[in-house]
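Read in order, the letters of the sequence shown correspond to residues 1 to 285 in UniProt numbering.
Here's the structure we're looking at; comments come further down.
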Amino acid sequence: MTLDPAAGAEAALRARRARAEVKRAVHARERTALQVAEAAWEHPGSAEASLRVTELLDAIPGIGARRAERTLERLEISPRKRVGGLGARQRERLREWLDVDPAPARLIVLAGPTAVGKGTVAQHVREHYPWIRHSVSWTTRAPRPGEIDGVHYRFVSDAEFDEGLAEDAFVEWATVHNSHRYGTPRAQVQEVLDTGDSVLLEIDLQGARQIRDSMPEALLVFLAPPSWEELVRRLVGRGTEDEAERTRRLATAEVELASQDEFDAIVVNRDVAEAAAEVVGLIGR
Ligand SMILES: Nc1ncnc2c1ncn2[C@@H]1O[C@H](COP(=O)(O)OP(=O)(O)OP(=O)(O)O)[C@@H](O)[C@H]1O
Ligand SMILES: Nc1nc2c(ncn2[C@@H]2O[C@H](COP(=O)(O)O)[C@@H](O)[C@H]2O)c(=O)[nH]1
Numbered sequence: 001m002t003l004d005p006a007a008g009a010e011a012a013l014r015a016r017r018a019r020a021e022v023k024r025a026v027h028a029r030e031r032t033a034l035q036v037a038e039a040a041w042e043h044p045g046s047a048e049a050s051l052r053v054t055e056l057l058d059a060i061p062g063i064g065a066r067r068a069e070r071t072l073e074r075l076e077i078s079p080r081k082r083v084g085g086l087g088a089r090q091r092e093r094l095r096e097w098l099d100v101d102p103a104p105a106r107l108i109v110l111a112g113p114t115a116v117g118k119g120t121v122a123q124h125v126r127e128h129y130p131w132i133r134h135s136v137s138w139t140t141r142a143p144r145p146g147e148i149d150g151v152h153y154r155f156v157s158d159a160e161f162d163e164g165l166a167e168d169a170f171v172e173w174a175t176v177h178n179s180h181r182y183g184t185p186r187a188q189v190q191e192v193l194d195t196g197d198s199v200l201l202e203i204d205l206q207g208a209r210q211i212r213d214s215m216p217e218a219l220l221v222f223l224a225p226p227s228w229e230e231l232v233r234r235l236v237g238r239g240t241e242d243e244a245e246r247t248r249r250l251a252t253a254e255v256e257l258a259s260q261d262e263f264d265a266i267v268v269n270r271d272v273a274e275a276a277a278e279v280v281g282l283i284g285r
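This is the structure:
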């Protein structure tokens, strides 16, 4: 067999150009990364198959190199692997991830009346959609039994909260239910968005409005109860507030329920897993 170096170089150039075209099409949203991966697995000799997985993920708009790197780690796929060279289990994991997750990083606001289940749904998202990050708010209220400082909230004194305000440390903050102050730390949210990950904020209506004004690209989701009676049942059933506090919270809830139209989407929390899947499904659509 005679080797023709010129022909070899030309073939390599053609292959490089074909790969660049695939990446361009993904970046321009003309093709989804999932379509490219499926084509790679169907046509082993194609440009799609010879693309490295890192190149495929990097081409997804808004994904960011660090998120791509972390995703491959989580999927247990070496960044050097070519898409066509993945094993069956790796293909399955990548297919599943590409099917739900290649959306660009977004700030997602989950708001809604007291006891509708924001915390419960957010916790479900934490456990089942680990690529979505969460911010830890500051609050001046006291911890409930079982709540851990730095995990559920950063529990601070009034003086510490005032210091945060003086330093412009919050992307939004509010006095909620006319009692305690709560705020979302700006640095934490920015840090997550810079890495290319989406971040979910579970905040009240006043905070959601501030985010809408300062970050119009955020996705505002209103979590609604199936009925008023069910909301009251959940609040009473949770058993963490006394009668006076429940009355205060239900008064705020009436105002919050009237604000639903200000949101990009309304998700009714009948079932926690379904509501969480619906929230996650809204990202990037
Ligand atoms: N889909 C659901 N069906 C039945 N109960 C639910 C559902 N979602 C949440 N709950 C229950 O409702 C109660 C209130 O939920 P949760 O504390 O998550 O509400 P919240 O919106 O975060 O409240 P708050 O704003 O007052 O902090 C909890 O006891 C929780 O277990
Ligand atoms: N505006 C903000 N609201 C927040 C923040 N963190 C939590 N919250 C909301 O406060 C109420 C009460 O919470 P609870 O834990 O005391 O029951 C609830 O509606 C939360 O969503 C925040 O950083 N900013």
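Just so it is clear, CB atoms sit at the ideal spot from N, CA and C, and this is done for glycine as well.
Exposed unless 16 or more other CB atoms sit within 10 angstroms - verdict on residue i
i	result
W97	buried
V109	buried
P225	buried
R80	exposed
A40	buried
G117	buried
residue 286	Past the boundaries of the shown model lies residue 286; the chain is included only from 1 to 285, so the question cannot be answered.
S179	exposed
W228	exposed
A11	exposed
A174	buried
T240	exposed
R181	buried
S46	buried
A68	buried
A258	exposed
A122	buried
Proximity of residue i and residue j at Cβ, strictly below 8 Å
i	j	result
V176	V189	no
T195	S135	no
G112	E256	yes
N269	L205	no
T120	V272	yes
A25	R31	yes
L125	V279	The amino acid occupying residue 125 in the given sequence is Val; Leu does not appear at that position. Yes; because the gap between Cβ atoms is below 8 Å, this pair is in contact.
L201	L107	yes
L56	A33	yes
I60	S198	no
T252	T54	no
V221	A276	no
A37	V83	yes
F161	A142	no
Residue i in three-state terms, based on DSSP
i	result
E167	coil
V136	coil
V116	coil
L72	helix
D4	coil
residue 346	Residue 346 is absent from the structure shown; the chain starts at 1 and stops at 285.
L13	helix
R154	strand
D149	strand
R249	helix
R82	strand
I211	helix
W131	coil
R29	coil
D242	coil
G281	helix
G196	coil
E96	helix
R233	helix
H124	helix
S227	coil
S50	helix
R89	helix
E38	helix
E21	helix
D261	helix
Identity of the residues DSSP links to residue i by a beta bridge
i	result
T184	E172
F222	A111 and I266
F161	Partner(s): none; F161 has no beta bridge.
I202	It is Glu, not Ile, that sits at residue 202 in the sequence shown. Paired residue(s): L110.
With contact counted as at least three CB pairs below 8 Å, one residue from each stretch, are the stretch 5-21 and the stretch 48-57 in contact?
yes
Specify whether the stretch 138-150 and the stretch 224-239 touch according to this definition: at least 3 beta carbon pairs, one from each stretch, less than 8 Å apart.
no
Three or more C-beta pairs closer than 8 Å, one from the stretch 248-255 and one from the stretch 123-143: is that the case here?
no
Within the chosen definition, does the stretch 150-168 reach the stretch 196-210 through at least 3 CB pairs nearer than 8 Å?
no
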